[in-house]
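Novice: What follows is a single structure, and I will ask about it in a moment.
Numbering (our numbering), first residue to last: 1 to 99.
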């Protein structure tokens with residue numbers, strides 16, 4: 001799977017699981033739901049093997065901002081739930097179309 005396919009698949013899963021539209025995830029919105037969804041997406045992209053520079057280009061952010069986001073210790077229980085649900089979808093091989 002190429003990087004853009006990984007990105008759009010994870011963006012769709014994040015959008016569906018967090019119920020935050022992709023425009024808000026990728027936009028400059030600073031409300032809690034948008035920033036949490038953005039963190040989930042960046043964390044999943046990093047776990048998928050993408051480098052901060054690559055993630056930055058896909059999300060219209062700076063590489064420094066992505067590194068800072070990944071270095072933060074975010075302990076919100078909802079983020080943990082979102083990450084676990086999306087990882088479960090990935091493990092079972094379900095994409096955004098089949099769920």
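Where a beta carbon is used, it is the ideal one built from N, C-alpha and C, also for glycine.
Start and end of the alpha helix (DSSP H) containing residue 7?
Specialist: Run containing residue 7: 3–18, per the alpha helix (DSSP H) assignment.
Novice: Compute the Euclidean distance between the alpha carbons of residue 38 and residue 93, then round it to the nearest angstrom.
Specialist: Rounded to whole angstroms, residue 38 to residue 93 spans 22 Å at the Cα level.
Novice: Can you tell me whether DSSP reads residue 35 as helix, strand or coil?
Specialist: Of the three classes helix, strand and coil, the one that applies to residue 35 here is helix, per DSSP.
Novice: By the 10 Å Cβ neighbour count, where 16 or more other Cβ atoms means buried, how is residue 77 classified, buried or exposed?
Specialist: Exposed, since its Cβ has fewer than 16 Cβ neighbours within 10 Å.
Novice: Considering only their Cβ atoms, is the gap separating residue 40 from residue 18 smaller than 8 Å?
Specialist: In this structure, residue 40 lies closer than 8 Å to residue 18 by Cβ.
Novice: State the Cα-Cα distance for the pair residue 64 and residue 83, rounded to the nearest angstrom.
Specialist: Near 23 Å, if we compare the C-alpha coordinates of residue 83 and residue 64.
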